[in-house]
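Participant:
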Amino acid sequence: MSGTNRKTWISIVVASIILIGILAVAVVGGTAYFFSRHIRTEAAESDAAAREFDAARQRFAGQQPLIEIRGRDDAIVHRERIPESMPATKLETLRVLVYDSNAGKLVHVAIPFWLVRLAPSKNLSLVNNGVDFDSDRLHLSVDDLERRGPGLILDHADRRNSQVLIWAE
């Protein structure tokens with residue numbers, strides 16, 4: 152291999168390594184930015200958290216949640232609340248409000264629905280306080296949520312007074 156040819160290959164390898172490094176930094180930075188824009192955690196007393204939950208629940212006055220939890224592990228999907236056809240409006244955001252009474256933390260999560268649609272599995276899986284809502288037990292898909300349209304998905308408080316509220320808009 153001639154000296155010029157070797158210098159060309161070294162330049163290509165160095166440029167490739169630099170490009171991969173820049174892409175890795177961009178991915179890490181983009182991920183950190185995404186989480187900072189879509190997840191907000193704050194310290195909150197139980198009365199302040201209760202006010203947040205009450206304000207969020209007011210928009211769903213009279214509406215029953217799609218998923219109901221009875222007892223510790225018994226989750227029920229009310230399929231009668233899922234129409235056969237798609238609604239006129241597309242879902243934009245899946246919102247989650249969680250209050251952990253032990254830690255005194257209130258967490259707001261807003262997941263763009265386009266990201267939910269990109270999930271490799273079209274079955275919905277959620278984990279909350281040791282209660283596992285997995286697709287094998289519930290058989291709830293992203294399509295089910297889209298057919299249901301905007302509304303309350305889950306409203307649950309456990310025996311430790313921690314709460315979870317999930318809705319689509």
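Numbering (this note's numbering) for the sequence shown: 152 to 320.
Glycine included, every Cβ here is placed at the ideal spot set by N, Cα and C.
This structure is a prediction, so every number in the text was calculated from the model and none was measured.
1. Using a Cβ-Cβ cut-off of 6 Å (strictly less than) and excluding sequence neighbours within five positions of V258, which residues of its own chain qualify?
2. So P216 and L305 are in contact, right, with Cβ under 8 Å, and what is the actual spacing, rounded?
3. Need the endpoints of the beta strand (DSSP E) that W233 sits in, please.
4. Could you name each continuous beta strand (DSSP E) segment of 3 residues or more that falls completely within the region 185-259, going from the start of the chain to the end?
5. To which residues does DSSP link I321 through a beta bridge?
6. Contact defined as beta carbons within less than 8 Å: I believe I220 pairs with V228. What is the distance between those atoms, to the nearest angstrom?
7. Taking the alpha carbon of A189 as the point to measure from, which residue in Q209, F264 and A201 has its own alpha carbon closest?
8. Determine the burial state of V315: buried for a count of at least 16 other Cβ atoms within 10 Å of its Cβ, exposed for fewer.
9. Across which residues does DSSP place I262 in a beta bridge pair?
10. Identify whether S153 lies in helix, strand or coil by the three-state DSSP scheme.
11. Please go through the same chain and pick out, in chain order, the residues whose beta-carbon is closer than 6 Å to the beta-carbon of P238, but skip the five residues on each side of it.
12. Please state whether the Cβ-Cβ distance between R246 and E320 is less than 8 Å.
13. Please go through the same chain and pick out, in chain order, the residues whose beta-carbon is closer than 6 Å to the beta-carbon of F211, but skip the five residues on each side of it.
14. I need the straight-line Cα distance from R208 to G181, nearest angstrom please.
15. Taking C-alpha atoms, which residue in I233, L291, A200 and D225 lies nearest to N312?
16. In the DSSP assignment, find the alpha helix (DSSP H) that holds L296 and state where it starts and stops.
Facilitator: Inspection of the coordinates gives the following:
1. Here residue 258 is taken as the residue at index 107 of the sequence shown, counted from 1. Cβ within range, chain order: T192 and V249.
2. Walking along the sequence shown from the start, residue 216 turns up at place 65. Walking along the sequence shown from the start, residue 305 turns up at place 154. Correct: roughly 5 Å between the Cβ atoms.
3. As a working note, residue 233 is residue 82 in the sequence shown. Note on identity: in this sequence residue 233 is Ile, with Trp being the wrong assignment. That residue, I233, is in no beta strand (DSSP E); it is neither H nor E in DSSP.
4. 190-194, 218-221, 225-228 and 244-251
5. Look at the range of the chain in this structure, 152 to 320, and you will see that residue 321 is not part of it.
6. As a working mapping, residue 220 is identified with position 69 in the sequence shown. As a working mapping, residue 228 is identified with position 77 in the sequence shown. About 11 Å separates the two Cβ atoms, so there is no contact after all.
7. Here residue 189 corresponds to residue number 38 of the sequence shown, with the count starting at 1. In the sequence under discussion, the amino acid at residue 189 is His, which differs from the Ala named in the question. Per the Cα distances, F264.
8. Taking the sequence shown and counting its residues from 1, the one referred to as residue 315 is at position 164. The residue in question, V315, is buried, as its Cβ has 16 or more Cβ neighbours within 10 Å.
9. Against the sequence shown, residue 262 aligns to sequence position 111. L245.
10. Within the sequence shown, numbered from 1, the residue matching residue 153 stands at position 2. The answer is coil: DSSP assigns S153 none of H, G, I, E or B.
11. Counted from its first residue, the sequence shown places residue 238 at position 87. Answer for P238: G300, listed in chain order.
12. Position 95 of the sequence shown holds residue 246. Position 169 of the sequence shown holds residue 320. Yes, the pair counts as a contact, with Cβ atoms nearer than the cut-off.
13. As a first step, residue 211 must be located in the sequence shown, where it is residue number 60. Within the same chain, F211 has close Cβ partners L303.
14. Here the question's residue 208 lines up with position 57 in the sequence shown. Here the question's residue 181 lines up with position 30 in the sequence shown. Roughly 32 Å separates the two Cα atoms.
15. As a first step, residue 312 is located in the sequence shown; it is residue number 161 there, counting from the start. That would be A200, whose Cα lies nearest to the Cα of N312.
16. Here residue 296 refers to the residue found at position 145 of the sequence shown. For L296, the enclosing alpha helix (DSSP H) starts and ends at V293 to R299.
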